[in-house]
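S.K.: Just passing along the structure, written as structure tokens.
Written as structure tokens, this is what we have:
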């Protein structure tokens with residue numbers, strides 16, 4: 001309400017003069033309106049329209065008639081779409097759990113090591129976070145080269161240290177492709193949970209840790225009973241953001257294995273499948289805006305519901321330090 | 001049973017020497033207070049005893065065993081921290097049970113001990129509460145309770161009263177004294193407040209710049225301070241230090257004349273007289289005795305009054321005055337009489353007492 005007085009006095013009946021914006025109100029309006037317009041145009045409108053698109057039949061870019069939940073039924077239950085959907089979803093779940101262990105787990109261990117100020121902590125604090133600021137495109141491209149079956153650094157290194165038997169076409173093998181992607185993601189992003197956990201650890205008052213050390217000499221007990229509960233807010237952030245990131249996973253697999261989730265859909269995830277369906281792909285052949293939108297809506301709902309529920313649960317166990 | 005002995009203990013943090021050779025024996029059931037200005041190393045010394053920091057050089061023996069390689073939790077020592085350091089995610093019961101359980105006590109034993117402790121400290125009604133739901137005084141009691149439950153050989157208390165308001169402070173001080181009488185453990189108490197030190201201690205250890213200046217009972221420290229620092233640190237208002245030049249038995253202060261002190265011990269020519277407020281008084285009007293000084297102001301405290309005056313060489317002195325306030329105005333010339341029996345003689349150069 002830009003036209004009300006700021007001193008808390010009950011506003012008088014609105015007169016013509018009062019409707020005019022005061023200097024302060026004008027500034028607030030001036031600063032708020034542009035971002036809100038951008039937000040509405042490029043975030044809220046697409047979400048709402050995608051929601052609407054999902055209920056229509058589409059011929060290319062031409063909207064057909066209203067079909068109710070038909071698009072949802074197709075992507076969830078009608079073959080061959082249904083098995084692709086579930087296959088991709090299964091991979092998202094796998095990615096999430098794997099990253100929970102590797103990325104967040106390692107992130108915590110690294111944060112703990114950095115926090116204990118081991119020799120070289122200063123250097124490592126920067127080194128660990130460096131890949132986070134790199135562009136995903138660069139990371140994906142470079143690691144794709146590293147994983148190249150013949151010229152790639154990974155296989156060459158394995159041969160050089162006498163483990164040539166382990167060399168394999170990492171991104172081309174159905175057994176290793178998804179794991180290779182997960183590894184790269186963890187490598188690139190481990191700095192983020194590390195930083196968040198480290199910030200949490202540094203907030204713990206040192207006297208509390210001293211008090212705990214007076215009562216136990218086991219590092220593990222200290223971590224489990226004192227440190228971990230006290231950095232619950234950091235864990236909430238890392239867990240929920242990883243959850244959202246895992247089910248929205250797109251850039252890295254897109255760059256490293258392409259839209260089809262090669263080989264043979266072994267790295268297919270919902271993000272890729274949605275993109276293929278909505279915008280088409282040479283190999284996929286079909287292009288269906290309605291089904292694509294339905295997939296997007298389902299992903300949005302799934303992430304929103306679970307992320308919210310989980311956040312509420314995690315918040316409950318947090319305490320004030 | 002607890003007998004502590006520190007031998008030649010030194011502590012360096014990087015290039016800074018914090019403790020420079022501490023030798024100290026602490027006996028069973030004693031309440032020893034470490035006192036000194038901030039930065040004197042008293043808290044560091046406590047942390048070395050606790051095992052939270054490592055000793056750079058020297059030996060620490062508890063009940064005949066070297067503690068150098070024993071982790072804090074295995075030393076049979078409990079500590080009460082300045083900030084209380086309660087675990088914020090545990091309720092009062094769990095805060096007290098945590099250490100006891102880790103000692104390997106049975107569940108029943110832990111429960112029994114907590115019940116006992118809660119009764120002693122009147123915590124029964126608070127056992128389910130989280131630390132953030134407690135007042136400062138209650139947190140303090142929980143912190144003490146957490147130490148008591150473990151029944152350690154030695155209690156360490158690091159400025160436990162500094163976060164409490166003045167009224168609560170004297171109350172808790174009394175409780176700690178009572179507690180020490182009841183449980184009879186060895187207690188080491190760190191404070192920068194000499195009143196706490198005087199009222200609680202069996203013996204006081206005065207530290208300055210990482211060195212022990214004097215160890216003794218409160219009375220010993222007050223009556224026979226080993227040096228000028230201890231003299232001024234113990235007692236309130238502070239002992240006044242008068243730089244004098246001795247000729248025979250006359251001690252002269254520049255610009256204030258001199259006094260005759262026939263019983264003075266053997267000293268050098270440069271002597272610093274330590275005079276407590278109660279050993280100095282205003283001379284009656286017209287007297288030619290004592291030091292000449294300029295009246296500055298008077299403090300009336302009800303049962304007491306203190307007069308502050310400035311000597312010819314600029315030294316400010318404090319003395320106990322008459323509660324029927326003197327009619328002096330700032331700037332008036334006054335004469336100060338000293339009680340020869342109550343004077344401390346310190347070497348002006350080293351600060352050491354000549355009576356030792």
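Residue numbers (full-length UniProt numbering), protein chains in the order written: chain A, 1 to 321; chain B, 1 to 356. Backbone N, C-alpha and C fix where the C-beta goes; we use that ideal spot for every residue, glycine too.
1) What are the residues in the stretch 211-234 of chain A lying within 9 Å of chain B by C-beta distance?
2) Would you say residue 36 (chain B) and residue 208 (chain B) are within 9 Å of each other, going by their C-beta atoms?
3) Evaluate the contact criterion for the stretch 209-223 of chain A versus the stretch 76-89 of chain B: three or more CB pairs, one atom per stretch, below 8 Å.
4) Who are the Cβ neighbours of residue 68 (chain A) in its own chain at under 8 Å, not counting the five residues just before and after it?
5) Shorter than 9 Å from the beta carbon of residue 144 (chain B) to some beta carbon of chain A?
6) For residue 111 (chain B), does the three-state DSSP call read helix, strand or coil?
7) How is residue 148 (chain A) classed by DSSP in three states: helix, strand or coil?
8) Determine, using beta carbons only, whether residue 275 (chain B) and residue 343 (chain B) come nearer to each other than 9 Å.
9) Can you give the Cα-Cα distance for residue 2 (chain A) and residue 195 (chain A), rounded to whole angstroms?
10) Work out the CA separation of residue 128 (chain A) and residue 8 (chain A) for me, nearest whole Å.
11) In three-state DSSP terms, what is residue 348 (chain B)?
12) Indicate the three-state DSSP secondary structure (helix, strand or coil) for residue 16 (chain B) in the structure shown.
13) Which of helix, strand or coil does DSSP assign to residue 3 (chain A)?
14) For a test of the three-state rule: what should DSSP assign to residue 176 (chain B), helix, strand or coil?
15) Going by C-alpha to C-alpha distance, which of A:107, A:74, A:102, A:34 sits closest to residue 290 (chain A)?
16) Roughly how many whole angstroms lie between the Cα atoms of residue 134 (chain A) and residue 140 (chain B)?
17) Tell me which residues share the same chain as residue 58 (chain A) and place their Cβ nearer than 8 Å to its Cβ, disregarding the 5 neighbours each side in the sequence.
18) What do you get for residue 1 (chain B), buried or exposed, if any count of 16 or more other CB atoms within 10 angstroms of its CB means buried?
19) Can you name the start and end residues of the beta strand (DSSP E) that residue 188 (chain A) belongs to?
20) Among the candidates B:70, B:210, B:97, B:222, whose CA atom is the shortest distance from the CA of residue 279 (chain B)?
21) Report yes or no: is there a C-beta of chain B within less than 9 Å of the C-beta of residue 208 (chain A)?
22) How would you list, in chain order, the residues of chain A whose beta-carbon sits under 8 Å from the beta-carbon of residue 85 (chain B)?
23) Could you tell me which residues DSSP puts in a beta bridge with residue 258 (chain B)?
24) Starting from residue 55 (chain A), follow its DSSP beta bridges and name the residues at the other end.
25) Going by alpha carbons, who is nearest to residue 260 (chain B) out of B:251, B:61, B:267?
26) Determine, for residue 102 (chain B), whether the minimum Cβ-Cβ distance to residues of chain A falls below 9 Å.
27) Here's the rule: buried if 16 or more other CB atoms are within 10 angstroms of the residue's CB, otherwise exposed. What is residue 69 (chain B)?
28) Mind checking whether residue 41 (chain B) and residue 210 (chain B) have CB atoms under 9 Å apart?
29) I think residue 349 (chain B) touches residue 270 (chain B), with their Cβ atoms under 8 Å apart; what is that distance to the nearest whole Å?
30) For residue 246 (chain B), does the count of other Cβ atoms within 10 angstroms reach 16, so buried, or fall short, so exposed?
31) Considering just the uninterrupted stretch of the alpha helix (DSSP H) at residue 303 (chain A), what are its terminal residues?
32) Out of A:295, A:315, A:310, state which residue places its alpha-carbon closest to the alpha-carbon of residue 51 (chain A).
33) Which of helix, strand or coil does DSSP assign to residue 164 (chain B)?
34) Please classify residue 284 (chain B): is it buried, with 16 or more other beta-carbons within 10 angstroms of its beta-carbon, or exposed?
35) Can you name, in chain order, every residue of its own chain whose Cβ lies under 8 Å from the Cβ of residue 42 (chain A), other than the five neighbours on each side?
36) Would you check if the stretch 188-198 of chain B and the stretch 105-117 of chain B touch, i.e. whether three or more CB-CB distances between them fall below 8 Å?
M.R.: Reading off the structure:
1) 211, 212, 213, 214, 215, 216, 217, 218, 221, 225, 226, 229, 230, 232
2) yes
3) yes
4) 55
5) no
6) helix
7) coil
8) yes
9) Its pLDDT being 42, under 50, residue 2 (chain A) is placed unreliably in this model, and the value from its coordinates should be taken loosely. Approximately 40 Å, taken between the alpha carbons.
10) At residue 8 (chain A) the pLDDT is 47, less than 50, meaning the model places this residue with poor confidence; the figure from the coordinates comes in the next sentence. The alpha-carbon atoms of residue 8 (chain A) and residue 128 (chain A) are separated by roughly 51 Å.
11) coil
12) strand
13) For residue 3 (chain A), the predicted structure reports a pLDDT of 43, less than 50, and the residue's modelled location is therefore unreliable. A value from the coordinates is still provided. It is coil, neither helix nor strand.
14) helix
15) A:74
16) 50 Å
17) 64, 288, 289, 290
18) exposed
19) Premise fails: residue 188 (chain A) lies in the alpha helix (DSSP H), 177-189, not in any beta strand (DSSP E).
20) B:222
21) yes
22) 205, 207, 208, 210, 211
23) B:252
24) According to DSSP, residue 55 (chain A) bridges with nothing at all.
25) B:251
26) yes
27) exposed
28) yes
29) 7 Å
30) buried
31) 289-317
32) A:295
33) coil
34) exposed
35) none
36) no
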